[in-house]
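Data block below; observations after.
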Amino acid sequence: MKRLVSVLLTASALSLPLIDAPSATAEPASCTVVVDAGHIIRDGHQDVRVLPDGSVIVRDGTTDRPSGTFSVAVPETARTAVPRPGFEHAYFLDQAQDPNLPWFGFSTEEIGSDASVSLEVDGPGRMVAWLTGRDDSFVLDSADRSLSYPIQAGQHVHVNWAFSHPGAYQVTFRIAVDGQDRELQTIFLIGDEIISAAGSGLLELPCPGTRSASTSVPGRLASDITGLTNDFTTLDRAWVKLTEDVARVITPPSTPATPTPPPGTPSP
Numbered sequence: 065m066k067r068l069v070s071v072l073l074t075a076s077a078l079s080l081p082l083i084d085a086p087s088a089t090a091e092p093a094s095c096t097v098v099v100d101a102g103h104i105i106r107d108g109h110q111d112v113r114v115l116p117d118g119s120v121i122v123r124d125g126t127t128d129r130p131s132g133t134f135s136v137a138v139p140e141t142a143r144t145a146v147p148r149p150g151f152e153h154a155y156f157l158d159q160a161q162d163p164n165l166p167w168f169g170f171s172t173e174e175i176g177s178d179a180s181v182s183l184e185v186d187g188p189g190r191m192v193a194w195l196t197g198r199d200d201s202f203v204l205d206s207a208d209r210s211l212s213y214p215i216q217a218g219q220h221v222h223v224n225w226a227f228s229h230p231g232a233y234q235v236t237f238r239i240a241v242d243g244q245d246r247e248l249q250t251i252f253l254i255g256d257e258i259i260s261a262a263g264s265g266l267l268e269l270p271c272p273g274t275r276s277a278s279t280s281v282p283g284r285l286a287s288d289i290t291g292l293t294n295d296f297t298t299l300d301r302a303w304v305k306l307t308e309d310v311a312r313v314i315t316p317p318s319t320p321a322t323p324t325p326p327p328g329t330p331s332p
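Each residue of the sequence shown is one higher than the one before, counting from 65 in my numbering.
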């Protein structure tokens, strides 16, 4: 057991240099920015659409909302167990429509070209998307900006969305069509607390890229590994003490050996 603990401790310690992240004890970012939450979408049908003139909007029911003029609310009622590692208690928007939540998808129905969508996120956790009925891989992932989701011309698609932690996610959708990139920016408001804060219209958020290490994905991973290493260190020390205590109990005290008399020596 002691060797197992030592091996696990060593493995954890060796993994630490691989985490390219600031210390998990870093001070919270002092830089903040005030953003306009705009119109808060709470339910209904929304699609990111590329229009024939090349602009990108979100069609919210029958209303077209330009980039930066709206946010998407995902309340506590959307928090559930999601069958994906790291998302056991995540905020979830189903690929199938729930009338009480936003139904956020993509559409190329108004253009005659294929498109691809990628994701850039600044937020308190991880944001991912995947398709029901396909393999377990994500089609979009804030932790992997190299991913892009292809959409054929004339398609209308929806995906599953999951958010690992509550808070405000500042999201940029990048849509590539005919060799040109277009952007649409919005804020996903995850959890009742941030939704309530956005009700005034304005939100004070950390400047992009300045969130503390403890709320970034690499920072949380480094913090988790550090905590695991500390736990193994404590366990290793406790095991050493236990084995020493047991040895003292089960080992009889040492006594000098009585010398054997030479042959023929009379007994006393």
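Here a beta-carbon is modelled for each residue, glycine too, at the ideal position from N, C-alpha and C.
Of all alpha-carbon atoms in S228, A193, V120, H222, the one lying nearest the alpha-carbon of E140 is that of S228.
In the DSSP assignment, W225 forms a beta bridge with L157, A193.
Runs of the alpha helix (DSSP H) spanning 4 or more residues and lying entirely within the segment 200-273 occur at 256-262, in chain order. In this structure, W194 sits away from H109, with a CB-CB distance that is not shorter than 8 Å. Scanning its chain for C-beta atoms nearer than 7 Å, with the 5 sequence neighbours on each side dropped, one finds around I121 the residues R113, L115, D128, R129, P130, in chain order.
The residues A226, S228, in chain order, have a CB closer than 7 Å to that of F151 in the same chain once the five nearest residues on each side in sequence are set aside. Contact between D242 and Q216 does not hold, since their C-beta atoms are separated by about 14 Å, which reaches or exceeds 8 Å. G169 is bridged by DSSP to D111, H222.
In the structure shown, V146 adopts coil according to DSSP, grouped into three states.
In this structure, the alpha-carbon of I254 lies about 23 Å from that of S201.
For D124, the three-state secondary structure derived from DSSP is strand. Nearest in C-alpha terms to A232, of all of H220, T315, G273, G189, is G189. Pairing G169 with D111 gives a Cβ-Cβ distance under 8 Å. Setting aside the 5 residues that flank it on each side, L266 is surrounded in the same chain by V98, V99, D100, A101, each with a C-beta closer than 8 Å to its C-beta; the list follows chain order. In the three-state reduction of the DSSP assignment, D186 falls in the strand class, which pools E and B. Contact annotation, S212 with S180: C-beta distance approximately 4 Å; criterion of less than 8 Å satisfied.
The beta carbon of H220 lies closer than 6 Å to those of S171, E173 in the same chain, with the five residues before and after it left out. Membership of D100 in the beta strand (DSSP E) is indicated by the continuous run 96-100. Note on geometry: alpha-carbon atoms of T96 and H222 lie some 33 Å from one another. If you look at S135, you'll find it in the beta strand (DSSP E) that goes 134-138. Selection S206, D162, N164, Q159 evaluated against S182 yields S206 as nearest (Cα-Cα). Taking C-beta separations shorter than 6 Å and ignoring five residues to either side along the sequence, the partners of P230 in its chain run I254, G255, following chain order. When the Cα atoms are used, T315 and V304 turn out to be separated by approximately 16 Å.
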